[in-house]
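Below is one structure, written out as C-alpha cells, with a few remarks after it.
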Amino acid sequence: MKKINRKKFLLSALTGTAALPLLFKKGLAQNVMTLSSAGSGPLVIATWDNRKATDAAMQQIMNGKSALDAVEAGARVPEGDPEDTSVGYGGYPDRDGNVTLDACIMDHQGNAGSVTFMQHIRHPVSVARLVMEKTPHVMLSGEGALRFALENGFKKENLLTEKAKRAWQEWMKENKYTPKVSKNNHDTIGILAIDKKGNISGACTTSGRAFKMHGRVGDSPIIGAGMYVDNEAGGACATGLGEHVLKTLGSFLIVELMRYGLTPQEACKEAIRRILDKIPGAHNDQVGYLAINKNGEHGAYSIKPTFPYALYQNGENKVMESDFAMR
Ligand code: SD4
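FYI, this note's numbering numbers position 211 of the sequence shown as 228, with every residue one higher than the one before it.
Right, here's the structure in full:
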C-alpha cells in the first residue's frame, strides 16, 4: 500500500482539496492511523498558572502511578482551592447564586467519564472518574450526578464561599440578571499527562462561566470539546469561552489533526483559526488550547494574549505563555 505523508496530505486537505473523505472511502485510513511509537514522558501540562496542580500530578507519576491518577490528582488541586473562582469550591455561581460544576476525564484506553451541572460536590473530577469506572455511561448530569456521588461516599457541601457570593451580588447590581460573557473569569483547569509507560490521560474541571444562566453547560465536561485523548495521537484541552469550543469540537479536532501529522502547536493554531473563521466576533473573546503528542512535544495557542500555562517536564515545573492569533 502506498505510504501517505500525513502532514502533506492534511495540509492539502486544509487548503481545500477535500481529500479527507476520499481517503476514508478508499479504505486508506488505516495507513494513517499508525502514529508514533513509544512515548517519552513523563510530562504534565495544565491551563493557566496551575503549577500546584502540575506538581501534584507529577508526584503521582514519580510514585509510579498512571497518567489517569496524575490528572485526577492535579485537577483536584484547584477544585479544593477557595481562591480559584472558576473551579470547584469557591467557584463563581450562576446568576441565581448556585455553584454548578462540569468535569470530565479520559484515560489511555479511550474510556471517558463526565459530570455536568452538578451541585454541592467539591471534586467533580473524581465523580467523573467513578462514572467512567463504575457505570455503563459516559455522562451524568444534575440531580442524577449528585445522587450518584452521594451514593459513592462524596460529601454534600455548600460550595458558595463568601468571596464568590459577594462577587455575584456585585454582578447582580450592575448586570440586572442579564448573562454576559465575563472576561475576567478564566482559571478552568484542563490538564494532560504522560506517565512512565508513555500513556496519556486528560481531565478538565470548571464552575463554568461566571453568572451563567441556570442549567448552562459549557465545553469542559464534553468529551472532544473541553478535552480529548487518543493514546495513539495525543491529547488536547481547552479553556475560555466554552460556546466557541463546543461549536468547533476543538479538542477532538486538535487530536485528529495530530493524528494526520500536524505538530501539537500547528494543531492548536488550526483549531483557533477554525473558531475565528467560523464564529463572527470571536476575535473579541478568549479561547486557549493545549496539546501534547506521544513524543512529549506540546503546543499552546490562544485567540489573544495572555494565555499562560504550566508545564512540568524534565524535572522543571514552569509557567509559559502561549502564542496567539490576534496581534
Ligand atoms: C466554560 N470553558 O464553561 C469554560 C470556562 C473556562 O476558564 O474555561 N474558564 O465555558
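We put the CB at the ideal spot given by N, CA and C, even for glycine. It should be emphasised that the depicted structure is a prediction, and the values quoted were computed from it without experimental measurement.
*With C-beta atoms as the reference, is A327 less than 7 Å away from A120?*
no
*Is the distance from the Cβ of V262 to the Cβ of A253 below 7 Å?*
No, these two residues do not count as a Cβ contact at 7 Å.
*Is the stretch 161-177 touching the stretch 276-292 in the sense that three or more CB pairs, one from each, lie closer than 8 Å?*
Segments in contact, no.
*asked:* With a threshold of 6 Å (Cβ to nearest heavy atom), would R112 be considered close to the ligand SD4?
replied: no
*How should T222 be labelled, buried or exposed, when 16 other C-beta atoms within 10 angstroms of its C-beta is the threshold for buried?*
Buried, since its Cβ has 16 or more Cβ neighbours within 10 Å.
*Any non-hydrogen atom of the ligand SD4 closer than 6 Å to H154 Cβ*: no
*Using a threshold of 6 Å, is the CB atom of H315 nearer than that to any non-hydrogen atom of the ligand SD4?*
H315 Cβ: outside cutoff for every heavy atom of the ligand SD4.
*Check whether P281 and I320 have beta carbons under 7 Å apart*: no
_Run through the DSSP bridge pairs and tell me what C254 is partnered with._
M244 and L307
*Pick helix, strand or coil for K43, following the three-state DSSP scheme.*
Residue placement at K43 cannot be trusted, given a pLDDT of 34 that sits under 50; what the coordinates show is reported in the next sentence. DSSP, read as helix, strand or coil, puts K43 in coil.
*Tell me whether T195 is buried or exposed, calling it buried when 16 or more other Cβ atoms sit within 10 Å of its Cβ.*
Looking at its Cβ environment, which holds fewer than 16 other Cβ atoms inside 10 Å, T195 is exposed.
_Could you check whether the Cβ of E89 sits closer than 7 Å to any Cβ belonging to chain C?_
This model lacks chain C altogether; it includes just one protein chain.
*Touching or not, the stretch 59-77 and the stretch 86-101, by the rule of three or more beta carbon pairs under 8 Å?*
With a cut-off of 8 Å, the stretch 86-101 and the stretch 59-77 count as touching, because enough Cβ pairs lie within range.
*asked:* Is any non-hydrogen atom of the ligand SD4 found closer than 6 Å to the C-beta of D294, if you look at the structure I gave you?
replied: No, the beta carbon of D294 sits no closer than 6 Å to any heavy atom of the ligand SD4.
*Please list, in chain order, all residues of the same chain as A162 whose beta carbon is under 6 Å from its beta carbon, the five residues on each side excluded.*
V132 and M135
*Contacts around V104, its chain only, beta-carbon distance under 7 Å, and the 5 residues preceding and following it disregarded*: P95, E96, D204, T205, I206, T222, T223 and S224
*How many angstroms separate the CA atom of A284 from the CA atom of P322?*
18 Å
*For M156, the first and last residue of its enclosing beta strand (DSSP E)*: M156 to S158
*Exposed or buried, Q126, counting other C-beta atoms within 10 Å across all chains shown (16 or more means buried)?*
exposed
*Cα-Cα, which of M123, A299 and L157 is closest to T265?*
A299
_Residues of its chain near N274, where Cβ-Cβ distance is below 6 Å and the 5 sequence neighbours each way are ignored_ = It is Leu, not Asn, that sits at residue 274 in the sequence shown. For L274, where only same-chain residues beyond five positions count, the Cβ hits under 6 Å are A284 and E287.
_Simplified DSSP assignment, three categories, for A35_ = Low confidence applies to A35: its pLDDT is 41, below 50, so where it sits in the model is not reliable, and the reading given next is rough at best. Note: A35 maps to coil in three-state DSSP.
_Whole angstroms are fine: how far does the CA of D212 sit from the CA of K82?_
8 Å
*Mind checking whether S339 and G305 have CB atoms under 7 Å apart?*
yes
_Taking DSSP's pairing of strands, which residues face Y318 in a bridge?_
Y306 and D340
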